[in-house]
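Read in numbering that gives the first Met the number 0, the sequence shown has 223 at position 224, and its numbers run on one by one without any break. Using N, Cα and C, we set each Cβ at its ideal position, and we do this for glycine too.
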Amino acid sequence: MTAPPLCRFCKTPLVHTFVDLGDQPLANSYLTPEQLAAGTEAAYPLHARVCHACFLVQVDDVVPAEAIFDEGYAYFSSYSPSWVEHARRYAEAMTERFGLAPDSLVVEVASNDGYLLQHFLAKDIPVLGIEPTANTAEAARARGVPTEVAFFGDRTGRDLAARGLRADLMAANNVLAHVPDIGDFVAGFQHVLKDEGVLTFEFPHLLNLIEKVQFDTIYHEHFSYLSLLAVEQVLRAHGLRPFDVELQATHGGSLRLFVCHAGSGREETDALRELRAREAAAGLDRIETYAGFTPRVEAVRASFRKFLEDAAVAGKRIAAYGAAAKGNTFLNYCRTSARDIVAAFDANPAKQGRYLPGSHVPVLAPSEVAHVKPDYVLILPWNLKDEIMGQLSYIDGWGGRFVTASPETRVLP
Ligand SMILES: [Zn+2]
Numbered sequence: 000m001t002a003p004p005l006c007r008f009c010k011t012p013l014v015h016t017f018v019d020l021g022d023q024p025l026a027n028s029y030l031t032p033e034q035l036a037a038g039t040e041a042a043y044p045l046h047a048r049v050c051h052a053c054f055l056v057q058v059d060d061v062v063p064a065e066a067i068f069d070e071g072y073a074y075f076s077s078y079s080p081s082w083v084e085h086a087r088r089y090a091e092a093m094t095e096r097f098g099l100a101p102d103s104l105v106v107e108v109a110s111n112d113g114y115l116l117q118h119f120l121a122k123d124i125p126v127l128g129i130e131p132t133a134n135t136a137e138a139a140r141a142r143g144v145p146t147e148v149a150f151f152g153d154r155t156g157r158d159l160a161a162r163g164l165r166a167d168l169m170a171a172n173n174v175l176a177h178v179p180d181i182g183d184f185v186a187g188f189q190h191v192l193k194d195e196g197v198l199t200f201e202f203p204h205l206l207n208l209i210e211k212v213q214f215d216t217i218y219h220e221h222f223s224y225l226s227l228l229a230v231e232q233v234l235r236a237h238g239l240r241p242f243d244v245e246l247q248a249t250h251g252g253s254l255r256l257f258v259c260h261a262g263s264g265r266e267e268t269d270a271l272r273e274l275r276a277r278e279a280a281a282g283l284d285r286i287e288t289y290a291g292f293t294p295r296v297e298a299v300r301a302s303f304r305k306f307l308e309d310a311a312v313a314g315k316r317i318a319a320y321g322a323a324a325k326g327n328t329f330l331n332y333c334r335t336s337a338r339d340i341v342a343a344f345d346a347n348p349a350k351q352g353r354y355l356p357g358s359h360v361p362v363l364a365p366s367e368v369a370h371v372k373p374d375y376v377l378i379l380p381w382n383l384k385d386e387i388m389g390q391l392s393y394i395d396g397w398g399g400r401f402v403t404a405s406p407e408t409r410v411l412p
């Protein structure tokens, strides 16, 4: 037997499974017709474990880095209007609450194409972006957002501090779950943050994943699944502590955590204490809680498989809507193939004409829905359910129905 992997934060051997989703291709590797024909698609174990010492839920580090970063196209945050609007509201709220002014400095880590920092610039507040991907950093500079190409961590933090850069506000939103070495990443902030500076992290909340059985949010590039309990330990190990939290609707339920130096004068809010109590009440500090997740995931699959089999017997044709990463985890765990689902519709032109990883379902433009005329449209991004049902309400014209698959498969009325 091989030795268990070690916790990516505290290095304890990971002997407890959270959920094992089997061998899966990378959820963002959409196949061209040539790649499909070549039949060389790689699959890697997708096994989420929980550390019984720090309760960090994490997936095994099994994918070569070059496979993860060789995706063929980069993601530009500015393509998503709702995301840009979220960033604008963030800039408004932070500027007001923390009194940011033209003599302040805002530093964003994983600043992408400047979608967030542009809103501070518009208020004449100096900014600096730190972004590892060269072409998104270039797009940021093109819109006037100063950006350095670097992976953030202890060394980058020290380098910035050595150049005299100290930040009033640091933002690292939706990146904490995606860094392989979470300890080294967090270690960088203490060097750059001013004594009374504020750092915010946003990340999907593990409690939502567990309560709503959102196992489809697990994929290889998403290394950690975070609770306040686990994040607080990582912060304290690097001289930082949370002092406030806000709940966000993004990604099916995210936390925005406000963090300061451990020695800061900022007081803990009631919201933070309440969240800590809610996680304790849900048992996030007990290993048995995590052991109960797998049977619930298996029940979701059983319900979906039964739906597929019943639909096949009845001669019904099923299509899917939304070819995002989470849909691929779900379809592949449920052993779905192009025999079960005739097509997946997605608005992203870069995905159209390709095939979903693993299931090999062809991706078509949403305008093809009216030609395919599926009996059922399975909504994969459940967080966009209402929006999608609004856009595709015309499937009613041929008796088409919408289907959601979690926590059980339901044909919507
Ligand atoms: Zn640990």
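Would the beta-carbon of residue i be found less than 7 angstroms away from any heavy atom of ligand 1?
i	result
residue 259	no
residue 8	yes
residue 52	yes
residue 228	no
residue 293	no
residue 205	no
residue 16	no
residue 288	no
residue 403	no
residue 55	yes
residue 11	yes
Are the beta-carbon atoms of residue i and residue j separated by less than 8 angstroms?
i	j	result
residue 167	residue 143	no
residue 61	residue 47	no
residue 101	residue 124	yes
residue 410	residue 224	no
residue 323	residue 379	yes
residue 362	residue 351	yes
residue 296	residue 222	no
residue 218	residue 355	no
residue 258	residue 208	no
residue 231	residue 177	no
residue 389	residue 24	no
residue 127	residue 99	no
residue 413	residue 90	The requested residue 413 does not occur in the structure, where the chain is confined to residues 0 to 412.
Which residues in the same chain as residue i place their Cβ atom closer than 8 angstroms to its Cβ, once the five residues preceding and following it in sequence are excluded?
i	result
residue 278	206, 226, 227, 228 and 284
residue 270	243, 244 and 245
residue 359	30, 35, 336 and 337
residue 189	156, 237, 238, 239 and 260
residue 321	343, 344, 345, 378, 379, 380, 383 and 387
residue 2	12
Near residue i, what residues of its chain come up, given a Cβ to Cβ distance below 7 angstroms and the 5 sequence neighbours on each side ignored?
i	result
residue 183	152 and 153
residue 303	333, 404 and 408
residue 365	344 and 346
residue 253	201, 202, 203, 204 and 247
residue 397	372
For residue i, which residues of its own chain have a beta-carbon under 6 angstroms away from its beta-carbon, when the five flanking residues on both sides are left out?
i	result
residue 306	408
residue 159	191
residue 171	108 and 200
residue 186	153 and 237
Starting from residue i, follow the beta strand (DSSP E) in both directions and report where the run begins and ends.
i	result
residue 256	253 to 260
residue 198	192 to 203
residue 57	56 to 58
residue 130	126 to 130
residue 172	166 to 172
residue 23	15 to 23
residue 147	146 to 148
Just reading off the alpha helix (DSSP H) that residue i is part of, what are its end residues?
i	result
residue 293	292 to 312
residue 331	324 to 332
residue 89	80 to 97
residue 227	227 to 235
residue 181	181 to 186
residue 387	384 to 390
residue 269	269 to 280
residue 119	116 to 120
Are the segment 291 to 300 and the segment 15 to 33 in contact at 8 angstroms, needing three or more beta carbon pairs?
yes
Is the number of C-beta pairs between the segment 96 to 110 and the segment 124 to 140 that are closer than 8 angstroms three or more?
yes
Kindly confirm or deny that the segment 0 to 8 and the segment 324 to 333 touch, where touching means at least three C-beta pairs closer than 8 angstroms.
no
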